[in-house]
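K.L.:
Quick one: the structure is below, questions incoming.
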Amino acid sequence: MDIITTAANAAWKVFLIGVLFGVGLPTIFALGLRSLSLGTVTASDGESVQGKTSPAGLAGAYLCFGIVLVAIAYGVLFICKTSIKHYLGIELPL
């Protein structure tokens, strides 16, 4: 019975990380793109006219893109931490 509990615990962690990186980061990126389009106005003929992006939309976009970039950098460093330690002698506290 202990092996089932251990396997279920590991499966839950894998599922959570998969949802976070498989759905979470692309969603945050899409929210950043949506924030950039807050100044867009649709004309009566259906054509989209680009206006000035609002400061709040620009700040939200920068925040979303920053979160995605930090997550990507963390993932790359986490994967490469052994190689970085071996070749450069730098031990990363990840």
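Take 0 as the starting number for the sequence shown in numbering that gives the first Met the number 0 and just add one per residue.
Note that CB positions come from ideal geometry on N, CA and C, so glycine has one too.
(1) Helix, strand or coil for Gly-88 per DSSP?
(2) If you check the beta carbons only, do Phe-28 and Val-67 fall under 8 Å apart?
(3) Of the residues Cys-79, Ser-36 and Ala-72, which one's Cα is nearest the Cα of Gly-59?
(4) Please identify the residue among Pro-54, Val-22, Met-0 and Ile-78 whose C-alpha is closest to the C-alpha of Leu-93.
P.N.:
Taking the geometry as given:
(1) Taking the sequence shown and counting its residues from 1, one reaches residue 88 at position 89. Gly-88: coil per DSSP, three-state reduction.
(2) Locating residue 28 in the sequence shown gives position 29, where the first residue counts as 1. Locating residue 67 in the sequence shown gives position 68, where the first residue counts as 1. Yes, these two residues count as a Cβ contact at 8 Å.
(3) Here the question's residue 59 lines up with position 60 in the sequence shown. Nearest of Cys-79, Ser-36 and Ala-72 to Gly-59, Cα basis: Ser-36.
(4) The residue labelled residue 93 in the question sits at position 94 within the sequence shown. Comparing Cα-Cα distances from Leu-93 to each of Pro-54, Val-22, Met-0 and Ile-78, the minimum goes to Ile-78.
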